[in-house]
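>
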Amino acid sequence: MIKVREETLESTLEMAVNSIESSESRLVSFTKKIDEVDALQFFEAGKHLKTNRSFWSSTIDNFTMVGLGSAYLIADEEVNLQTIHKKWNALLHNAIINNNYQTPGTGVTAMGGMAFDPLKARTPLWKKFSKSELRIPEFTLVQDREQAYITYTVMVNKVDNPSEIARYILEKEEILLSHADTTLHDIQVKAREEIQPHQWKNTVGKATQYISSGKADKIVLARELRLKLTEEANVTAVLASLMESQPTSYVFAYEQAGDCFIGATPERLVKVEESQLLSTCLAGTAPRGLNQTEDEKFGYQLLHDKKNLEEHNYVVQMIKGSIQSLCSSIQIPETPVLYKLRNLQHLYTPVHGILKDDYSIFNVIEKLHPTPALGGEPREKAVSFIRENELLDRGWYGAPIGWLDSNQNGEFAVAIRSGLLQGNEASLFAGCGVVKDSDPEEEYEETSLKFLPMLTVLGG
Ligand SMILES: C=C(O[C@@H]1C=C(C(=O)O)C=C[C@H]1O)C(=O)O
1 MIKVREETLE STLEMAVNSI ESSESRLVSF TKKIDEVDAL QFFEAGKHLK
51 TNRSFWSSTI DNFTMVGLGS AYLIADEEVN LQTIHKKWNA LLHNAIINNN
101 YQTPGTGVTA MGGMAFDPLK ARTPLWKKFS KSELRIPEFT LVQDREQAYI
151 TYTVMVNKVD NPSEIARYIL EKEEILLSHA DTTLHDIQVK AREEIQPHQW
201 KNTVGKATQY ISSGKADKIV LARELRLKLT EEANVTAVLA SLMESQPTSY
251 VFAYEQAGDC FIGATPERLV KVEESQLLST CLAGTAPRGL NQTEDEKFGY
301 QLLHDKKNLE EHNYVVQMIK GSIQSLCSSI QIPETPVLYK LRNLQHLYTP
351 VHGILKDDYS IFNVIEKLHP TPALGGEPRE KAVSFIRENE LLDRGWYGAP
401 IGWLDSNQNG EFAVAIRSGL LQGNEASLFA GCGVVKDSDP EEEYEETSLK
451 FLPMLTVLGG
């Protein structure tokens with residue numbers, strides 16, 4: 001990685017082009033501070049580029065990232081995180097980075113996600129999505145509280161003309177930072193089809209038998225709700241509604257050739273800021289009450305419910321065990337607290353650790369995914385059961401989604417409370433942890449509640 005301090009984009013590009021000797025190409029990035037902008041407007045204006053867009057917002061931290069276009073793609077059909085990690089390192093090794101800021105998400109940044117289970121046969125539903133992908137956007141906007149930054153990233157080679165590239169970028173920037181005209185319509189759900197609800201309940205029954213016979217302790221089963229909408233959903237409008245209705249969740253979107261994977265997940269998989277590591281154990285669910293007394297009653301019951309505490313504890317123990325070798329110290333509270341969302345409340349245990357020098361966010365994701373919150377316990381048995389019995393191609397649902405940068409920062413969430421928008425249709429996904437005394441009917445109800453965050457913003 002070559003860090004440079006050239007004054008302008010053009011001089012940075014010139015320096016980069018001149019530094020290239022053979023037929024290789026090099027990634028060049030240039031970050032500048034800009035006046036505060038509306039990230040959603042920027043995302044909407046990104047439509048003008050006719051390109052794939054990505055969005056990430058951690059509302060609680062007041063941190064939003066928008067990625068437009070693709071300067072480089074690391075796509076892999078294998079979901080081998082070590083291979084992806086090597087490709088990312090190789091890309092950065094040769095990159096020329098002009099960034100005067102420390103803010104996470106500046107410098108070279110990648111946004112991406114992956115399939116929950118690369119071994120599950122892919123169905124047409126997810127045909128536009130690779131099994132894993134890291135996209136280095138051409139334009140990355142970071143809004144960190146009141147500070148905003150834009151990074152341009154391009155791949156250049158020896159014969160490129162720096163002033164032409166600079167002109168192209170600045171022209172596009174003008175469009176992106178000008179006010180986008182968002183005409184937002186109220187969409188409605190015209191029809192909904194629950195995919196094989198009866199068989200799903202049978203599969204839950206089968207999982208409880210499998211667990212009772214001692215072959216596994218917990219298996220997470222998910223199902224799909226297919227929607228027809230009155231018109232094509234505007235992704236920006238859906239994002240805006242998710243940010244408003246789910247202020248304690250991560251709101252994300254990842255477009256792929258017209259389809260868009262989108263959601264508002266409360267579940268952080270891992271955040272790394274320099275050597276600080278944060279993870280989250282989130283499992284165990286109850287509804288919100290209709291009034292404060294009922295809400296507190298449901299919360300109290302959840303905090304004392306044996307089945308939910310057991311489901312939760314599998315996650316705590318697994319996360320603790322998995323990151324032990326990567327961290328020099330770990331802090332985990334003894335007991336969970338409640339994490340309240342608009343429609344649900346969960347058992348929540350935060351995890352803090354100090355990441356040892358030799359490890360990065362890739363190593364943590366590799367160890368953690370899938371946690372027993374989305375796979376089960378023990379992992380291999382549960383994931384094989386899901387692969388063989390679940391009536392769904394999860395695609396990117398339930399898998400890590402997020403971003404990372406060239407300064408060892410990054411954050412990935414577990415892509416739940418999510419859906420795949422496909423023109424004027426959409427598929428929503430929801431799952432729940434099954435243990436030995438799970439009741440199929442209750443689990444069915446729980447998944448119905450978990451569809452709500454997405455269903456509501458789509459007018460359902
Ligand atoms: C699988 C989902 O949620 C997960 C399962 C939970 C549970 O079983 O209690 C709770 C939170 C999530 O870890 C989902 O929302 O689709």
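Read in UniProt numbering, the sequence shown has 161 at position 161, and its numbers run on one by one without any break. All C-beta atoms in this analysis are idealised placements derived from N, C-alpha and C, irrespective of residue type, glycine included. Only a predicted model underlies this, so the values are computations on that prediction, with no experimental measurement involved.
Going by alpha carbons, who is nearest to Glu-7 out of Phe-30, Glu-24, Gly-113?
Phe-30
> Going by beta carbon distance, what residues of the same chain come within less than 7 Å of Asn-313, once the five residues before and after it are set aside?
none
> With a threshold of 6 Å, establish whether the CB of Lys-127 neighbours any heavy atom of ligand 3.
As far as ligands go, the structure on display features ligand 1 and does not contain ligand 3.
> Cα separation between Arg-387 and Gly-376?
12 Å
> On the premise that Gly-69 lies in contact with Thr-83, defined as a C-beta separation below 8 Å, what is that separation, rounded to the nearest angstrom?
Rounded, the Cβ-Cβ distance is 24 Å, inconsistent with contact.
> CA-CA distance, Gln-380 and Pro-372?
Position check: residue 380 holds Glu in this sequence, whereas Gln was assumed. Each residue's alpha carbon lies about 11 Å from the other.
> Using the three-state DSSP reduction, which class does Ser-438 fall into: helix, strand or coil?
Residue state, collapsed to three classes: coil.
> Secondary structure at Thr-248, three-state DSSP: helix, strand or coil?
coil
> For Gln-143, write down the residues that DSSP places opposite it in a beta bridge.
Thr-64, Ala-148
> Could you tell me whether the Cβ atoms of Tyr-152 and Ile-136 are closer together than 7 Å?
no
> On a CA-only basis, which of Pro-440, Thr-447, Lys-450 is nearest Lys-201? Give me that one, please.
Pro-440
> Determine, using beta carbons only, whether Thr-236 and Tyr-250 come nearer to each other than 7 Å.
no
> Given a cut-off of 7 Å, decide if Gly-263 and Arg-394 are closer than it, judged by their beta-carbon atoms.
no
> With 16 other CB atoms within 10 Å as the buried threshold, where does Tyr-300 fall?
exposed
> Starting from Ile-354, follow the beta strand (DSSP E) in both directions and report where the run begins and ends.
344-355
> When every heavy atom of ligand 1 is checked, does at least one fall within less than 6 Å of the C-beta of Ile-401?
For ligand 1, not one heavy atom lies less than 6 Å from the Cβ of Ile-401.
> Express the C-alpha separation of Leu-40 and Cys-260 in angstroms, rounding to a whole number.
Cα atoms of Cys-260 and Leu-40: separation of roughly 16 Å, rounded to the nearest angstrom.
> Out of Gly-321, Leu-282, Arg-288, Asp-295, point me to the one whose CA is closest to Glu-310's CA.
Leu-282
> From Leu-326 to Arg-53, what distance separates their C-alpha atoms?
33 Å
> Using a Cβ-Cβ cut-off of 8 Å (strictly less than) and excluding sequence neighbours within five positions of Gln-331, which residues of its own chain qualify?
Val-351, His-352, Gly-353
> So does Lys-218 have its beta carbon nearer than 6 Å to some heavy atom of ligand 1?
no
> Helix, strand or coil for Thr-293, going by three-state DSSP, please let me know.
helix
> Report the CB separation of residue 511 from Val-414 in whole angstroms; it is logged as a contact under 8 Å.
One cannot answer for residue 511 here, as it falls past the ends of the chain, which runs 1 to 460.
> Span of the alpha helix (DSSP H) holding Glu-10?
9-19
> Comparing C-alpha positions only, which one of Leu-302, Thr-293, Met-454 sits nearest to Arg-342?
Met-454
> For Ile-219, I'd like the list of residues in its chain whose CB is within less than 6 Å of its CB, leaving aside the five on either flank, ordered along the chain.
Ala-207, Gly-376, Ala-382, Phe-385, Val-434.
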